[in-house]
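Just add 696 to the spot in the sequence shown (first one is 1) and you have my numbering. Even glycine gets a Cβ: it sits at the ideal position worked out from N, Cα and C. Working notes, structure below.
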Amino acid sequence: MADSKIKRRKYSLHTSMEVGRRMIKPRSSIFILTIIIFCIFGFISKVQAGWLSGYSYRKSVTLSRPSGAVTNYQMKLKVGESSGASDYDVHCNGHVLSNFNDLRFTTSNGTTLLNYWIESISGTTPNQTATIWIKFDSIGTSATKFYMYYGNSGASAYSNISNTFLFGDDFESWFPQLVSTDGAGGPLVQNSSGDIFCIYQKPSIGSIVQRKSTDGGLTWSSETTVVSAGVYGWPHVHAIGNTFFLSYTHVNGSVWDVKFRKSTDGGNSWGSEIAVVSSRFADSDILALDANTILLATINSAQTGIDVYRSTDSGSTWSLHSSPLSGASNKQEDVFLFKLSNGNILIAWEEEVAELGKSYIKSKISTDNGATWGSVITIWNSEDAAYDYEGGGFFYDNLGNLISVAYTNVDGVLSNCQYENYKLKYKQSTDNGSTWSAASDLVPDARGLGPENFFLKLANNYVLFSHGAYWMGSSPNLYVSRIYHDLTYSDIPVASDRWTTGNGKVFIQWEGSNKIARVEGYVTGDATYRAHIISAYTGSDYAIRTRVKGGTTNLRFDFRYTDVNNHYIFNLAATEAAVYKDVGGVYTSINSVAFTTQANVWYVLDLLLLGNSIKSYVDGVLKNDFTDSTYSSGYAGLGSGNDLSTNGPVFFDYFLVRKYVSPEPTWGTWGSEEIEIGGKITFGSGGSLTLGSGGSITE
């Protein structure tokens, strides 16, 4: 049977009102009459609290905890869209928006809002069920009343994970964004309409493809082909308005042939391939001085010299223009061209003494559009003895200072540090590249391979750059990260005040319309490293709730964490649900139950910590229940196994930490639906309203 729907209100009638077929006119005397309106279901109202403006319906409920009051406590509630929903605690009679954005919860006064978060919505409208967490300001030892409002078509979303919990993150606001799971390189370019293109090599088939973003790099289109499958790579691109100039290489035995293409419609279509020069090294870069004049820098096949080719007919024909470097004793790689703000041109390259060993980033400046070049300026490694610096590229910050970026192992504490664990650092020049400052971190965590001159400065205070998750495997992941013109980086989770890195890396990617976190450990040399991405929350008694999937091993997170060698770990593995402890780097199991974990299946995990008691639940089913006193407090955080090749990454949909007491507060009985009736009363045909002699209707 439907819930009762009654509201008692008083109204002041200042004009005639037609009720059904009867006309009622006000009298001069004032008589206060309480109107009892029997709506469709004919019920009785009991309204005493204030009413939240703009809302048509509400229901009341009480909560209590006889064993002791709690404050700012989070409770889970399942709300049905209608009575046809399944597995709900309370329903909204079909009066709530299908996305549940108009739900509001208040204290007993009916108007003070409570924070809440919509964890999930299941089913099909109009019979959906939303799982919601509400943060109640105070739950007493006796029944404490609260209200749930709904029925406001103009309401905006109020759900907020951060405001609801001690710590909560659904990863919706973070970078880096995954562009491709089969992408290398990835220069970024923007057309006159503001569309951003990421053009990259697809290693699995040797093609060059692109994706487009119309929202500043937050989302990316499906893949379109620029150069068909073959053995192509190392794309670089430069734009003047809607004309894109693209250089890339084609593998020809042990050498590379440099090719060129052009788009004149902002990247939507591409012209025919034009050969620039053959028998070169892989790396090249391109810079358009105007619509007709284009420079293209290449490295010779012996890697001992750099040549600059020029086209004066918008790329149709090419000829040698200058040779900034020749006869070098070490190998040259990663050549970049950059137009300086004073009109000069900077060319930079890596001089490599040993692979994964010592290297320099050097530069020269031309004041005559690349015809001649000045003396060598060493930007990176003049101060270091044996570290590797790989060129990242150049851009200008908010003060107009030139920024040179390198990814490097200079901070590496890992033996045989591989490219995927390099950090991005920058130096600053206040004189357009003649002198350079000391190095600083561009972002504090490892970004992986690149970028290689793939910085794109946007007008809205953002700088985008692309980078790989690891070295050139068969299917490397390509990401785009975002920093600000002033070199701050609050959009990267481990660079914010919310997460820190013990070991490992975290990336953000899309799954449908939802963002999820990808957490990776790694192997380097003979050492393996489990990931520890630690939240800002630390405490003793708390509950963790997370939704997680991955391979069949090491779906894991940390709790009561002190450092990488001292913490607890919950681990959902191939054949067990287990809790481990790491004490001084010694990793041992302390409680394990049989469980078969399926690959690529989402699990909701709950961990309840109270004193020495530790309990875990998988999809609401109790698994571990034991006591251990090794650690009494510490941080909560994400985790993963230590080897991507065997464990794979771990994916997190959300991660939250809430208060926990035992026993928890309990829900009382939900009240009947109450209706807010505005200043106009409408009855269906045949309705009636009777007033006594001299009566009026007053609010």
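By how many angstroms is the C-alpha of residue j removed from the C-alpha of residue i?
i: residue 1302; j: residue 998; result: 59 Å
i: residue 1032; j: residue 981; result: 5 Å
i: residue 796; j: residue 1231; result: 29 Å
i: residue 892; j: residue 1257; result: 41 Å
i: residue 1006; j: residue 988; result: 10 Å
i: residue 1237; j: residue 862; result: 12 Å
i: residue 1245; j: residue 873; result: 19 Å
i: residue 1068; j: residue 1126; result: 23 Å
i: residue 978; j: residue 1020; result: 18 Å
i: residue 790; j: residue 851; result: 16 Å
i: residue 799; j: residue 1348; result: 26 Å
i: residue 1053; j: residue 1105; result: 9 Å
i: residue 760; j: residue 1156; result: 50 Å
i: residue 1035; j: residue 1194; result: 37 Å
i: residue 1026; j: residue 1014; result: 28 Å
i: residue 758; j: residue 824; result: 24 Å
i: residue 1018; j: residue 960; result: 27 Å
Tell me residue i's beta-bridge partners as DSSP assigns them.
i: residue 812; result: 830
i: residue 676; result: With the chain covering only 697 through 1395, there is no way to say anything about residue 676.
i: residue 948; result: 951
i: residue 1360; result: None; residue 1360 has no bridge partner.
i: residue 1199; result: 1228
i: residue 776; result: 787, 825
i: residue 1470; result: Any question about residue 1470 goes unanswered here, given that the chain covers just 697 to 1395.
i: residue 1049; result: Partner(s): none; residue 1049 has no beta bridge.
i: residue 983; result: 991
Quick check on DSSP: helix, strand or coil for residue i?
i: residue 1163; result: strand
i: residue 1094; result: coil
i: residue 883; result: strand
i: residue 859; result: helix
i: residue 970; result: strand
i: residue 762; result: coil
i: residue 1172; result: coil
i: residue 1189; result: helix
i: residue 1148; result: coil
i: residue 825; result: strand
i: residue 1207; result: strand
i: residue 991; result: strand
i: residue 1294; result: coil
i: residue 1334; result: strand
i: residue 1404; result: The first residue shown for the chain is 697 and the last is 1395, placing residue 1404 beyond what the model contains.
i: residue 931; result: strand
i: residue 1072; result: coil
i: residue 1033; result: strand
i: residue 999; result: coil
i: residue 1020; result: strand
i: residue 1054; result: coil
i: residue 1274; result: strand
i: residue 734; result: With a pLDDT of only 37 at residue 734, under the threshold of 50, the placement of this residue in the model should not be trusted, and no figure is reported.
i: residue 1254; result: strand
For residue i, which residues from the same chain have a beta carbon less than 7 Å from its beta carbon, with the 5 sequence-adjacent residues on both sides left out?
i: residue 1399; result: A query on residue 1399 cannot be resolved here, the shown segment of the chain reaching from 697 to 1395 and no further.
i: residue 1063; result: 1040
i: residue 1361; result: 759, 760, 761, 766, 769, 771, 835
i: residue 1016; result: 1003, 1005
i: residue 783; result: 774, 825
i: residue 807; result: 746, 748
i: residue 1281; result: 1261
Please go through the same chain and pick out, in chain order, the residues whose beta-carbon is closer than 8 Å to the beta-carbon of residue i, but skip the five residues on each side of it.
i: residue 887; result: 893, 935, 937, 938, 940, 962, 963
i: residue 1130; result: 1061, 1073
i: residue 1319; result: 1273, 1289, 1291, 1312, 1313
i: residue 804; result: 745, 840, 841, 842, 843
i: residue 1299; result: 1243, 1244, 1245, 1251, 1268, 1293, 1314, 1315
Tell me which same chain residues have a C-beta within less than 6 Å of the C-beta of residue i, skipping the five on either side of it?
i: residue 866; result: 857, 1350
i: residue 1211; result: 867, 868, 1204
i: residue 953; result: 946, 974
i: residue 1217; result: 1200, 1225, 1226, 1227, 1336, 1337, 1338
i: residue 879; result: 896, 1174
i: residue 1346; result: 1215, 1246, 1251, 1336
i: residue 1352; result: 861, 864, 1241
i: residue 916; result: 875, 907, 909
### Message
Pairs of beta-carbons, one from the segment 921 to 930 and one from the segment 946 to 953, closer than 8 Å: are there three or more?
### Response
yes
### Query
Three or more beta-carbon pairs under 8 Å between the segment 1171 to 1178 and the segment 827 to 838, yes or no?
no
### Query
Do the segment 752 to 767 and the segment 842 to 853 make contact, defined as three or more Cβ pairs closer than 8 Å?
yes
### Query
Touching or not, the segment 1185 to 1201 and the segment 1295 to 1314, by the rule of three or more beta carbon pairs under 8 Å?
no
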